[in-house]
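Here's the structure we're looking at; comments come further down.
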Amino acid sequence: MFLMPKEVLFELVNVSKRFGKKTVLEDINLKIYEGRVFAIVGPSGAGKTTLLRILTTFYKPSSGKVYLKWEKLKKLSSSVKYRLGFSAQHGSFYPNLSVEENIRFFAQLYGMSKPLIEKEMHELLKKFEIEKYRKEKVANLSKGIQKRVDLVCALIHDPEIIILDEPMEDLDPYLRKKVCSIISELRRKKKTIIICSHFFAELENICDDVAIVFNGRIMEAGSIEAIEKKYGHKNLEEIFLQLTAKQKEMQKMQKQEHEKHEKKKTKVATKSKINFFKKLRWPFSRL
Amino acid sequence: MAIFALVKKDFASIIKSKLATFALFIFPLLVVLVLCIGFSVFGFQNIKIVYSKNATLSEEAQKMLNSTLDFLKTKNYVLTEVNFSECIENVKVRQAHICLVVSSPSSNTLKLELYVDETRLNFAYALISQLSQLIQLKEKEISIVLIQAIINVVELSEKKAGDSLQKLNELNSKLSAIGTEYANIQSNTAAIDTGFSIEDFNVDQLEAVADELEERNLSNATDLIDSLNSAISTLKSKLQETKGRFERLEEKKKVILDASGRIVVLSDEARQLSENVKSQQQEILTAAKGPLRNASVLASPIETEIKPLSVQQKNLDYILPGLISFILMTLTLFFSSILTIKEKKSKAYFRNFLSPVKDSTFILASYISLIIMLVLEMFLITLLISRFSTLISPSFLLNFLPLLLIALTSFIFLGMFVGHLTRDEEVCILVIFFILLAFLFFSPMIMPGEMIKQQAIRNVVAFLPFNLVDNALRDIIFFKFSIVKEYFALCLLLAYATVFCLAAFLAKKLTKHQLLYT
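Protein sequence lines, in the order shown, are assigned to chains A and B. Just so you know, the working numbering puts 98 at position 98 of the first sequence, and the rest follows in order with no gaps. Counting the second sequence from 1 gives a position; the working numbering is that position plus 1000.
And the structure:
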């Protein structure tokens, strides 16, 4: 069997990612177990998507190591790619093609047979309630429907590892619930699911493990039960707010300190400049 | 299979986008249509020339001007006479294309100055080219007149030489007759016997008889003996006198013989001389025949005329190979590079990246889609061109197809390479534009490679893909060459295709981690 339950699938050790001078991720240490739902939560710009792209080897970490099943991950092998499904934050499809053309195309890339594609497509479209849009051009559909089309594209080949980047964005509460129920169903099938989202309430019910990311750093990581227990049975959102507030306060203090230091530096510089001009004037003042 | 899915997707993406369909299929067809119509009706028609005389022209200069203007009228130029300032003004306000200022620096010369809008210098060059034709024509006319006069003189001399030749013949025959006569005289003179001997007359015997008679004392015969002695002495003196005459005759004979001998020699020498004169006259006559008779040949002994190896009737026919290869290259480079960059920027890029399909499959699928679309497009374009040119025939299409496939392959991979290296459409279009510019600049359409001084650069230019396609098409269209004859060009294009394919593959590998869509 490809994946053994409760086994570490991905492991990130001291992973950092920099784009030029900007550090997006810093010193990330994570373990993602197979057959479990792993949530990466954090505000926008925290580095969640970058983290997912590192897991898919699209980005190479600037430092640190990524392991897949205890082996250093450099490039996803073809066999892993066959077992991987990905849904991007803004969708990953051809807007000019119709819903079924998109689904059929991506399914064909995974070598699925025509009858299987039709069967799976029918089931998933029905499950995501977008069957009536199957002939529609994706570009003409609403963001919510596009999101669901993207999810269908990610799940069409029945992957074992599913990476979902903001799967509930652009969806109304009803559809969010629907997506959650589908994720729960996949969880029951022992699929490994990695979700990036900021819908804490929905995540709380479907996730096993969580990592709270803020400013490119992991603030907290572990099983939901353990984290909630650690923070006095607060819910995920409260824990997140508490952690980020603390962080924000620290950041504010750091900023103030920095500004103070800068001011002082400027003052010293101005003083030295004045002294310099005074010294310049000195020989003339004696005249 | 994934490759078919990718090809199908490419087709669907293009066909479903109206703008892409228009830009990639309809627009090139429209451009070709406009070009074909443009070149079919291309020519110098209704070019307006205003001319102004700078001063009063001499009669000769006026004649030359009139013939120049007549000539220009025959070439469909529209001519109007105005004053100098109007002439310039007309060009400035685009009422006329060229202002021609006429002056006459000397009585027999005509000076033409062309004033043109710098942006329309091509008109001036066309006019100068046609005027130079006229000037050449005039020069030839004048030369012919002059040379005809010389020929007339030569012909007269020839006639006179012929006459004198006849007379020389007569002279020769007369000289030889003189020689014969003198030979006769000589032989006859030599035959005159001038031999004379007194002893033959036996005068001594008569004297002895007279002496004997005297001794016999014949008294009665004394008178007779004296008479006899006197007769003998008279005879003796007469004989002596006759001998003297004979001796003088012998001398005269000798003189005559010598003189006639000299006359024979002289007549021989005169005949020899006349023979020499005759042969010289003969040479002159031979030399006077042939090209000397034709004044136009003498006026311009080297006749230059550019004759095409194939017969094309329209302007479009002449530019057909260049036009087809240019469209092929432009369309392919833009098509493949834009499609590549569009694919890179598409939302689906990330999902494709994570799919188990190999990079080579993506490249191959794009190549298949592009080549099908471009062959189809080129077929439509060729079909459209065939409405305007008779050079497009089924045999041409048969020979064109292999060349088309290989050329398209080269340009598709070059376009893909550029598409993979660039990050957005604007830069991509700019790079393609510069590549096109370089290929065009070093092509026979703008600057023939043969004109480059450096051998190495010349070689590089000769083997540029565009030039290879253009030259091969030229051979196929104009000289009806079989494609088999173009195997060298095809092999080189295949080599280019291989290199560009590898480059495109490497570029894809190097840039596959760039996410252009966010």
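Every residue gets a Cβ at the ideal spot worked out from N, C-alpha and C, and that includes glycine. Everything numeric in this text was worked out from a predicted model, so none of it was measured.
Do the CB positions of A:Lys190 and A:Gly35 come within less than 8 Å of each other? Walking along the first sequence from the start, residue 190 of chain A turns up at place 190. Walking along the first sequence from the start, residue 35 of chain A turns up at place 35. Yes, the Cβ-Cβ distance between A:Lys190 and A:Gly35 is below 8 Å.
Any residues in the region 18-50 of chain A with a beta carbon nearer than 8 Å to a beta carbon of chain B? Which ones, in chain order? none
My output table needs one value for A:Glu26: the three-state DSSP class, helix, strand or coil. In the first sequence, residue 26 of chain A corresponds to position 26, counting from 1. DSSP places A:Glu26 in strand when its eight states are reduced to three.
Give the C-beta separation of A:Pro159 and A:Leu84 to the nearest angstrom, bearing in mind that I take them to be a contact with Cβ-Cβ under 8 Å. Position 159 of the first sequence holds residue 159 of chain A. Position 84 of the first sequence holds residue 84 of chain A. That belief holds up - the Cβ atoms of A:Pro159 and A:Leu84 are roughly 5 Å apart, short of 8 Å.
How would you label A:Lys255, buried or exposed, when you count the other beta carbons within 10 angstroms and need 16 or more for buried? Numbered from 1 along the first sequence, position 255 holds the residue referred to as residue 255 of chain A. That one is exposed.
Taking its Cβ as the centre, do 16 or more other Cβ atoms sit within 10 Å of B:Phe1027, making it buried, or is it exposed? Along the second sequence, one-based indexing puts residue 1027 of chain B at 27. By the neighbour-count rule (16 or more Cβ atoms within 10 Å), B:Phe1027 is not buried but exposed.
On the three-state DSSP scale, how would you describe B:Ile1165? Residue numbering aside, residue 1165 of chain B sits at position 165 when the second sequence is read from its first letter. Just to set this straight, residue 1165 of chain B is Leu in the shown sequence, not Ile. It is helical.
Anticipated Cβ contact below 8 Å, B:Lys1236 with B:Val1203, distance rounded: Taking the first residue of the second sequence as position 1, residue 1236 of chain B is located at position 236. Taking the first residue of the second sequence as position 1, residue 1203 of chain B is located at position 203. Confirmed, about 5 Å.
A:Pro167 beta carbon less than 8 Å from that of A:Leu186: On the first sequence, position 186 is the one that residue 186 of chain A refers to. On the first sequence, position 167 is the one that residue 167 of chain A refers to. No. Outside cutoff.
Where A:Leu287 and A:Asn275 are concerned, what is the direct C-alpha to C-alpha distance, given to the nearest angstrom? Numbered from its first residue, the first sequence carries residue 287 of chain A at position 287. Numbered from its first residue, the first sequence carries residue 275 of chain A at position 275. Residue confidence for A:Leu287 is low, a pLDDT of 44 falling below 50, so the modelled location carries little weight; the figure read from the coordinates is stated next. Cα-Cα distance, rounded: 19 Å.
For the alpha helix (DSSP H) containing B:Leu1376, name the first residue and the last one. For the purposes of this step, residue 1376 of chain B is taken as the residue at position 376 of the second sequence. Unbroken alpha helix (DSSP H) run through B:Leu1376: 1359-1386.
Can the beta-carbon of B:Leu1371 be found closer than 8 Å to that of B:Thr1409? Here residue 1371 of chain B refers to the residue found at position 371 when the second sequence is read from its first residue. Here residue 1409 of chain B refers to the residue found at position 409 when the second sequence is read from its first residue. A quick correction: the sequence has Ile, not Leu, at residue 1371 of chain B. Result yes, Cβ atoms of B:Ile1371 and B:Thr1409 sit closer than 8 Å.
For chain A, check one thing: does any of its Cβ atoms lie closer than 8 Å to the Cβ of B:Leu1376? Position 376 of the second sequence, counted from the first residue, corresponds to residue 1376 of chain B. Output row for B:Leu1376: interface = no.
When you compare the region 1345-1359 of chain B with the region 41-52 of chain A, are there three or more beta-carbon pairs, one atom per stretch, that lie closer than 8 Å? no
Contact with chain B by A:Thr56, beta-carbon distance below 8 Å: Walking along the first sequence from the start, residue 56 of chain A turns up at place 56. Output row for A:Thr56: interface = yes.
Using beta-carbon positions only, say whether A:Phe93 and A:Ala154 come within less than 8 Å of one another. Walking along the first sequence from the start, residue 93 of chain A turns up at place 93. Walking along the first sequence from the start, residue 154 of chain A turns up at place 154. Taking 8 Å as the Cβ cut-off, A:Phe93 and A:Ala154 do not qualify as a contacting pair.
Listed in chain order, which residues of the region 226-240 of chain A have Cβ atoms closer than 7 Å to some Cβ of chain B? none
Is B:Ile1476 near B:Asn1352, with beta carbons less than 8 Å apart? The residue given as residue 1476 of chain B occupies position 476 in the second sequence. The residue given as residue 1352 of chain B occupies position 352 in the second sequence. Their beta carbons are not under 8 Å apart, which means B:Ile1476 does not touch B:Asn1352 by this criterion.
Taking contact to mean 3 or more Cβ pairs, one atom from each stretch, closer than 8 Å, check whether the region 219-228 of chain A and the region 257-266 of chain A are in contact. no
So which of B:Ala1472, B:Leu1374, B:Val1116 has the shortest CA-CA distance to B:Leu1403? As a position in the second sequence, residue 1403 of chain B is number 403, starting the count at 1. Closest option to B:Leu1403, Cα to Cα, is B:Ala1472.
With burial defined as no fewer than 16 other Cβ atoms inside 10 Å of the residue's Cβ, what is the status of A:Pro5: buried or exposed? Position 5 of the first sequence holds residue 5 of chain A. With a pLDDT of 48 at A:Pro5, under the threshold of 50, the modelled position of that residue is not reliable, and no figure is offered here.
Once you ignore the five residues that flank B:Glu1250 on each side, which residues in its own chain have a CB closer than 6 Å to its CB? Here residue 1250 of chain B corresponds to residue number 250 of the second sequence, with the count starting at 1. Taken in chain order, the residues that qualify are Thr1194.
For A:Thr56, which of helix, strand or coil comes out of DSSP? Reading the first sequence from its first residue, position 56 is the one you call residue 56 of chain A. In this structure, A:Thr56 counts as coil in the three-state DSSP scheme.
Short CB-CB distance (under 8 Å) between B:Ala1507 and chain A: On the second sequence, residue 1507 of chain B is found 507 positions in, with the first residue counted as 1. Not one chain A Cβ lies under 8 Å of B:Ala1507.
Rounded to whole angstroms, how far is the Cβ of B:Lys1016 from the Cβ of A:Asn29, which I believe are closer than 8 Å? To locate residue 1016 of chain B, count along the second sequence from 1; it is residue 16. To locate residue 29 of chain A, count along the first sequence from 1; it is residue 29. Between A:Asn29 and B:Lys1016 the Cβ distance is about 46 Å, and since that is not below 8 Å, they are no contact.
Would you verify that the beta carbon of A:Phe351 is, or is not, closer than 8 Å to some beta carbon of chain B? The structure shown has nothing for residue 351 of chain A, since chain A only spans 1 to 287.
Using only CA atoms, which one of A:Gly42, A:Phe106, A:Lys65, A:Ser197 lies nearest to A:Leu171? Looking up residue 171 of chain A in the first sequence gives position 171. When each option's Cα is compared against that of A:Leu171, the closest is A:Ser197.
Nearest CA to the CA of B:Ala1495: which residue from B:Ser1395, B:Phe1388, B:Phe1411, B:Arg1262? Residue numbering aside, residue 1495 of chain B sits at position 495 when the second sequence is read from its first letter. Cα-wise, what sits closest to B:Ala1495 is B:Phe1411.
Tell me, which residues are paired with B:Phe1505 by DSSP? Numbered from its first residue, the second sequence carries residue 1505 of chain B at position 505. According to DSSP, B:Phe1505 bridges with nothing at all.
Give the DSSP-derived three-state secondary structure of B:Asn1352 in the structure shown. Position 352 of the second sequence, counting from 1, holds the residue named residue 1352 of chain B. Helix at B:Asn1352.
According to a CB-to-CB cut-off of less than 7 Å, which residues of the region 1006-1018 of chain B neighbour chain D? Here chain D cannot be found, since the structure's protein chains are A and B.
Please confirm whether A:Gly64 and A:Leu9 have their CB atoms less than 8 Å apart. Locating residue 64 of chain A in the first sequence gives position 64, where the first residue counts as 1. Locating residue 9 of chain A in the first sequence gives position 9, where the first residue counts as 1. The answer is no: Cβ separation not under 8 Å.
Along chain B, in chain order, which residues have C-beta atoms closer than 8 Å to that of A:Asn96? Sequence index remark: in the first sequence, residue 96 of chain A carries index 96 (1-based). Neighbours of A:Asn96 on chain B, chain order: Ala1012, Ser1013, Lys1016, Ser1017.
Test: B:Leu1024 CB closer than 8 Å to a CB of chain A: For the purposes of this step, residue 1024 of chain B is identified with residue 24 of the second sequence, where counting begins at 1. So no, B:Leu1024 is outside the interface.
Against chain B: residues of the region 114-140 of chain A by CB proximity under 8 Å: Lys137
On the DSSP letters alone, give me the boundaries of the alpha helix (DSSP H) that B:Ile1003 sits inside. The residue labelled residue 1003 of chain B in the question sits at position 3 within the second sequence. Where B:Ile1003 is concerned, the enclosing alpha helix (DSSP H) stretches over 1002-1016.
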